[in-house]
Every structure is written in C-alpha cells, then in structure tokens.
Amino acid sequence: MPYKFARIRSLIKTILGVKVEKPSCNVNILKVKDSLLATSEVTTMIEFDKDDLQTLNEFRFGDKIKGQFSCAHPQFDPITKEQFNFVVDISKKCKYTIYKMAKNSSQRTKIYELYDNQFIYNHTLFLTESYIVLYLGPLRANPLDFLTKPVSEVISHDPNAKCKLVLINRKTHKVSMLDISSMVFLHSINAFEQNNKIYLDFIEYTDNLEPYKKFYFKNIESNDCRLKTQLTRMVVDIGRNTIEKSIITALNVEFPRINEKYLVKNYRYVYLAKRTDQAEFFNSIIKIDLSNNDMVEYCFGNDFVQNLYLWLIHKLKLKMMVLYL
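Here it is, written out as structure tokens:
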C-alpha cells in the first residue's frame, strides 16, 4: 500500500480511538504511581524497568479521556503531589481537556475543556499554587492536515493568530482569558504567585518562530540550528488583568531545570544549557542567580548538552559537576 494511503488509514484509526500511533517516546520521563514512563507529545507512553531500563508495556490511564496529543512537560505540585496536563482530541473542532492526577493514581480528573477550530501546539504549561496557566500561541495547524503529513510539516507559525493566556483557578475552576501578544516558546521554567500577581518564566525564541523544525542533526551539522533565545518573565496582575513582560537574560539558553522543591514557589536559581557564540549547538551549562543575575558556567567545548543531561545532573546529584557550577 502506498505510504500516503497507509498513513491516512492509520491516522483515521487513531482519531477514532482504534489505534494509537507508536512514537519514539524520547522527549521526557514521567512517574505515574509506581511506573516510570518514557513519553513524547502523543498520548502513547511506554513503561520501562527502573533497574535495567528494559521496555515493559504500553501504559494506559485508568479513565476514558480521549485524545491523540498531549503536553510533553506536565507540571507537578511538590506540595499536593498532583500532576497537571492536558490532552488534545483532534477532530474538525479540536477539544482540549485540562486535567489533574492525584499521587499514586493513574486516573485523570477533568478540570476544564476548551474547543478551537485549529490545532494549537503547546509543548509546556504553567502551574502556581492557585492557577493552571495555558498559553494559546501562534503555532497552529489545520486538523485535517494530520491525515497526510508528519507533525513537523503540519504545524506552522500563524502571524495572524489571536493569542490568549488561559488562567484556570485550581480550586473553583473559574477561567479567565487574557489577550496577549504573539510569542514562541517551548519550555517553561517555573511559575509562582506574589502580591496578587502571577510570575511566569520561560525560554522565548526571538529569531526563528518555528524552532522545532530546526532540531535535526542535519541542521546542526550545517550550522543551521543557531537559534536565538532569551529567558523571559511575564507578570500577570490578577486584579487588573494586565500583563507585563521583561527579559532576565538575552543569552542563547534552553532546556531549563530548577530544584523541584521550589516548583510553584518563588525561587532563586535556574540551570540551563547555553550555546556559546561559535558553537553549533548548546555546549555549556550555566547557573543563573535570579536575585542579582550572577552567572557561573561550565563549558564542554565541542561536545553538546541537552535536557536529558541536565535532568540526570539534577536527579542523580552529580556533586562534582555541581561544584564546578
């Protein structure tokens, strides 16, 4: 069967819930109950053995929430131990289900649903003690295009997109939507509340508004992956419904990590991968003190770093590396 028609048949089955696409599951690692899961941006997740890393089974949630796409980086509340994420059911009118999942549970609880005629791409979301924050940005797609094209070709930057910031109260589920200027980011850093304001920190792309299309080895080898980024902070005044934006650093950084004890709280330090001026890709790790913007850096020369490397440093507590930082 020709590839195009085979893909159409496969994706129709996926949309109908008969079959789920088999992704590479190489984007993130999650823990649900006692299971460690390899994940990507589709809803298929693969459980693996924590001791020998052998693949075990395809993981299934204990509920009937339907969807084909999900956020690659769900948010975790270190106090309540809850996870927050969303899933997108792709159809003529896409449905976005924002949910939470309690500690030691594999059942998702729906918090809010919203609909849009377009597929709106999101790689991350924000969480504070009182709010779930979702950015409806300019990376969009026609849902029908998923039938014949891969994701990287379907999603594109829409300069005319009406972007919004969705604020969902975690207790009351009351929703506020604020108009916001267009911007592109893939990774959030942290979010917290202070003096009736919500602080949202993330890595913003400033020169290429379709960055995910650049993360291929061929682009790195041809020096076509030198994307410009900055660490950006947005402050939402809840009482006035206003948004202010500032730049913490204009360095080319990505793949942020913080001490997870400070998630949803005001925090001081952030670790990031950084690209030096002549490097083909991110080749150093930096630590920024947000209280005074002081920075220390460890450079790996011609070797690359990326988000999993930072994750291992954080999780395994490689003390020698931390001493350098």
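The sequence shown: position 21 = 1113 (the numbering used here), numbered continuously. Beta carbons: idealized from backbone N, C-alpha and C, even for Gly. Given the structure is predicted, the values throughout are model-derived calculations rather than measurements.
In summary, Thr1131 is buried, with 16 or more beta-carbon neighbours lying within 10 Å of its beta-carbon over all protein chains present.
Counting every other CB atom within 10 Å of its CB across the protein chains shown gives Ile1339 a total below 16, marking it as exposed. In the pairwise beta carbon analysis, the segment 1280-1298 is classified as touching the segment 1321-1339: at least three pairs are separated by under 8 angstroms. Leu1231 carries a strand assignment under DSSP once its states are collapsed to helix, strand and coil. In the structure shown, Glu1174 falls within a coil segment according to DSSP collapsed to helix, strand and coil. Boundaries of the alpha helix (DSSP H) harbouring Ser1244: Val1243 to Val1246, taken from the DSSP string.
Here DSSP, grouped into helix, strand and coil, assigns Phe1373 to coil. Remark: C-beta atoms of Gln1167 and Phe1176 approach each other more closely than 8 angstroms.
For Val1388, the number of other beta carbons within 10 angstroms of its own is below 16, and it is reported as exposed. In this structure, the alpha-carbon of Thr1341 lies about 5 angstroms from that of Leu1323. In this structure, the straight-line span from the alpha carbon of Asn1333 to that of Cys1163 is close to 26 angstroms.
Around the beta carbon of Asp1181, 16 or more other beta carbons sit within 10 angstroms, so the residue counts as buried.
Inter-residue distance for Pro1230 and Val1179 is about 18 angstroms (C-alpha atoms, whole angstroms). Cβ atoms of Lys1254 and Leu1270 stay farther apart than 8 angstroms, at about 12 angstroms. Assigned with DSSP and collapsed to three states, Lys1263 falls in coil, not helix or strand. Leu1319 places its beta carbon less than 8 angstroms from that of Tyr1297. Taking 8 angstroms as the cut-off, the Cβ atoms of Val1246 and Asp1237 count as close. With a 10 Å radius around the Cβ and a threshold of 16 neighbouring Cβ atoms, Tyr1207 comes out exposed. In the structure shown, Lys1353 falls within a helical segment according to DSSP collapsed to helix, strand and coil.
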